[in-house]
Every structure is written in structure tokens, then in C-alpha cells.
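Student: Residue numbering for the sequence shown follows numbering that gives the first Met the number 0, starting at 0 and increasing by one per position. C-beta atoms are modelled at their ideal positions from N, C-alpha and C, and glycine is treated no differently.
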Amino acid sequence: MSIFESRGATRRFGGLVAVDSVSFAVEQGEIFGLIGPNGAGKTTMFNLITALTPPTSGQLLFQGQNIVGKQPHQIAAMGIARTFQNIRLFGNLSALENVKVAQHTHTHANVFAGILGTPGAREEARRVEAKARELLRLVGLGESADEKAKNFSYGDQRRLEIARALALEPKLLLLDEPGAGMNPNEKGILSDLIRQIRDQFNLTIILIEHHVPLVMGLCDRIAVLNFGQLIALGKPAEVQSDPAVIDAYLGD
Ligand SMILES: Nc1ncnc2c1ncn2[C@@H]1O[C@H](COP(=O)(O)OP(=O)(O)OP(=O)(O)O)[C@@H](O)[C@H]1O
Ligand SMILES: [Mg+2]
Numbered sequence: 000m001s002i003f004e005s006r007g008a009t010r011r012f013g014g015l016v017a018v019d020s021v022s023f024a025v026e027q028g029e030i031f032g033l034i035g036p037n038g039a040g041k042t043t044m045f046n047l048i049t050a051l052t053p054p055t056s057g058q059l060l061f062q063g064q065n066i067v068g069k070q071p072h073q074i075a076a077m078g079i080a081r082t083f084q085n086i087r088l089f090g091n092l093s094a095l096e097n098v099k100v101a102q103h104t105h106t107h108a109n110v111f112a113g114i115l116g117t118p119g120a121r122e123e124a125r126r127v128e129a130k131a132r133e134l135l136r137l138v139g140l141g142e143s144a145d146e147k148a149k150n151f152s153y154g155d156q157r158r159l160e161i162a163r164a165l166a167l168e169p170k171l172l173l174l175d176e177p178g179a180g181m182n183p184n185e186k187g188i189l190s191d192l193i194r195q196i197r198d199q200f201n202l203t204i205i206l207i208e209h210h211v212p213l214v215m216g217l218c219d220r221i222a223v224l225n226f227g228q229l230i231a232l233g234k235p236a237e238v239q240s241d242p243a244v245i246d247a248y249l250g251d
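1) Any idea which residues DSSP pairs E4 with across the strands?
2) For E29, tell me which candidate among I207, M215 and R197 has the shortest Cα-Cα distance.
3) The beta strand (DSSP E) that contains R220, what's its start and end?
4) Which one of E26, P177 and A101 has the shortest CA to CA distance from A164?
5) Mind checking who F12 pairs with in its DSSP beta bridge?
6) Is any heavy atom of ligand 1 found at a distance shorter than 8 Å from the C-beta of G40?
7) Given a threshold of 16 other Cβ atoms within 10 Å of its Cβ, counted over all protein chains shown, does F31 qualify as buried or as exposed?
8) Might you give, ordered along the chain, the residues of its own chain that have their beta carbon closer than 8 Å to the beta carbon of I188, omitting 5 neighbours on each side?
9) Going by DSSP, what residues sit across from G35 in a beta bridge?
10) Between the Cα of G7 and the Cα atoms of F23, E176 and A94, which residue gives the shortest distance?
11) Leaving out five residues before and five after K234 in sequence, what residues of the same chain have Cβ atoms less than 7 Å from its Cβ?
12) Can you confirm whether the segment 148-155 touches the segment 117-136 when touching is taken to mean that 3 or more C-beta pairs between the two stretches lie within less than 8 Å?
13) Between the Cα of K170 and the Cα atoms of G38, M181, E160 and N201, which residue gives the shortest distance?
14) For a test of your reading of the model: does the CB of L189 fall under 8 Å from any non-hydrogen atom of ligand 1? Yes or no.
15) Counting only the same chain and skipping the five closest in sequence on each side, list residues whose C-beta sits under 8 Å from that of L232.
16) Hey, N65 and Q58 are a contact pair by Cβ (cut 8 Å); roughly how many whole angstroms apart?
17) Looking at C-beta atoms only, is the number of pairs between the segment 177-194 and the segment 119-133 that lie closer than 8 Å three or more?
18) Taking 9 Å as the threshold (C-beta atoms), are L229 and I204 in contact?
19) Using the rule of at least 16 other Cβ atoms within 10 Å of the residue's Cβ for burial, across every protein chain shown, is G227 buried or exposed?
20) Check the DSSP bridge columns for R81 and list the partner residues they point to.
21) So, is R136 buried or exposed, given that buried needs 16 or more other C-beta atoms within 10 angstroms?
22) Confirm the yes/no value for this check: CB of D19, any heavy atom of ligand 2, distance under 8 Å.
23) Leaving aside the five residues before and after L92 along the sequence, list all residues of the same chain whose C-beta is less than 8 Å from its C-beta, in chain order.
24) In the DSSP assignment, find the unbroken alpha helix (DSSP H) run with A124 in it and report its ends.
25) Using three-state DSSP, classify S93 as helix, strand or coil.
26) Pick helix, strand or coil for A231, following the three-state DSSP scheme.
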């Protein structure tokens, strides 16, 4: 069974079909690329999967279960986390706090236990903090844990978003242009990081990214969208040499 499957997912915005009968399946442990020109429907596809936008029609299956109609928090609780193309962090909170906030949706201590400072709540707080610091170290931000998110470079904010998504302990991680705003050296580090977190957390990853060398080097398989339609699906070498893909996206 595939960990995720889109069966004819469609999303219309008025007369525009942003995602047009898209079907593909992602296997457990894959790094799966989703590429295509600007406006192709990539982010909309992520919005469908995470229930920020309902599909007009079609099915989305996670671990064999149709997730259409669920709320975003239910999707997160089932094990799907994401980062955003337009970074969504709490700018005035520290990196550490940004990660801890995400974890709190996942921990058990209730608010009263927190206020009363019960031993259980204190222990939980220690655990949450230790884990947040560990995730920040993992993404290369261990030294900046107490820095406000808004003071981070664009690339560091994207890494912080990855740490925050990992705090939800997802099974499926959706990364929307994680390399945007990074220089080639940072993109190389990012590529290693994505592979490392896949291995370490036994994750499946769907990656939207425009930087072709990064996508080709990192992804096990790649799906190509163009005007909402899936025009190619296969291994990097197959996709890269596909005339329809070259025509629509890769160009000369
Ligand atoms: N909420 C919305 N209302 C109306 N149109 C939308 C909405 N969201 C997306 N669209 C349109 O749907 C199409 C697909 O947009 P989407 O953001 O999914 O593209 P994308 O592939 O992520 O592009 P990019 O590479 O620029 O991020 C675009 O034409 C966009 O303008
Ligand atoms: Mg997008």
C-alpha cells in the first residue's frame, strides 16, 4: 500500500482548474519531487493534502484512508506536516519557542497542570525543550535557538520551518520550496539534511522545488505538473529527458 495517493484530485477556482484530475501514488520512504512552472498547481496540491483547501472532486488517501473532509488539525494529528512557500513563523518568538509551540499541539500535559507546575508537567516541559533544541541542532540552528525568528536569514527561516514541522512527528512531510532564497552552498547542505531526516525519522517526503539539480539529485521519483495537469511521472532521468517536460518546464 502506498503511504499517499491522489486519485483524480481536482481543485477549481472559478473558471480556473488549478489542479486537474491529478493521480499519483507515493511509496513509504520516498523523496518524491513535485515540479512544474509557476502557477502549475504545486502549492494548491499541498493545500489539498493538508486540508487548507478542499478538493472540488477526487480522493486523497493517506495510509489507505480517504482524508478528504478532515480538518487541518486532524491531518496533522494523522501524521502529515508541511512547510510553507510563504514562510509562516512567529517572528517575535525565538526559534526555540517556534518549535515548542508546534510540539504543544502534540503533548499531553494540560493547561492546569502547567499552571500548577505539577511534577508531570515540569517533566513534560523539560522533554519538550530538549527535543526542540535537538531538532534545531539537526537543522543547523542549534546556536541560534534563542534568537527571534524574524532576525533569521531567509534560508535559516526555511530550516526553522523544517524543525517546526518535524516537531509534529510526521510520517509524511511536505516541503514547499525549502531551497528558495538559499545560495548554492546552502542548497547543498539542505539536500543532505532532507536525505538525513528521511533516513533518521523513517519519513516520506514530497518536495516542491524549482532548483533542477537539487530535485534531480535528491528525488527518487518526480511528478511534473503543468496548468494543473500531471504531464510526467518517473525517475529523475526519465523525467529530465521527457520532451513534454522539456517543452513545458525545463526549456533549453
Ligand atoms: N485561493 C486561490 N484563489 C484563486 N486562485 C488561486 C488560489 N490559489 C491558487 N490559485 C491559482 O491556482 C493556480 C495554481 O497556483 P499554485 O500556487 O498552486 O501554483 P504553484 O505551482 O505553486 O506555483 P509557484 O511555482 O509560483 O509557487 C494559479 O493560477 C493561482 O493563481
Ligand atoms: Mg507554489
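Tutor: Walking through what the data contain:
1) Beta-bridge analysis with DSSP links E4 to A24 and L60.
2) Comparing Cα positions, the closest option is R197.
3) R220 to N225 is the extent of the beta strand (DSSP E) around R220.
4) Taking A164 as reference, the option from E26, P177 and A101 with the minimal CA-CA separation is A101.
5) Bridge partners of F12: L15.
6) Within the cutoff, so yes.
7) Classified as buried, F31 has 16 or more neighbouring CB atoms from the shown chains inside 10 Å of its CB.
8) Closer than 8 Å at the Cβ level, and outside the excluded window around I188, lie G139.
9) None; G35 has no bridge partner.
10) Ranking the options by Cα distance to G7, first place goes to F23.
11) Here the set comprises R220.
12) Short answer: they don't touch.
13) Shortest Cα-Cα distance from K170 to any of G38, M181, E160 and N201 involves N201.
14) Outside the cutoff, so no.
15) Correct list, in chain order: F23, R220, I221, A222, V223 and V238.
16) The Cβ separation is near 5 Å, so the contact holds.
17) Counting Cβ pairs under 8 Å, fewer than three are found: no touch.
18) No, these two residues do not count as a Cβ contact at 9 Å.
19) So G227 counts as buried.
20) R81 pairs with L173.
21) With fewer than 16 neighbouring CB atoms inside 10 Å of its own CB, R136 falls in the exposed class.
22) The answer is no for D19.
23) Excluding positions up to five away in sequence, the list reads V100, K147 and A148.
24) Residues P118 to L137.
25) Assignment of S93 by DSSP, reduced to helix, strand and coil, places it in the strand class.
26) Strand.
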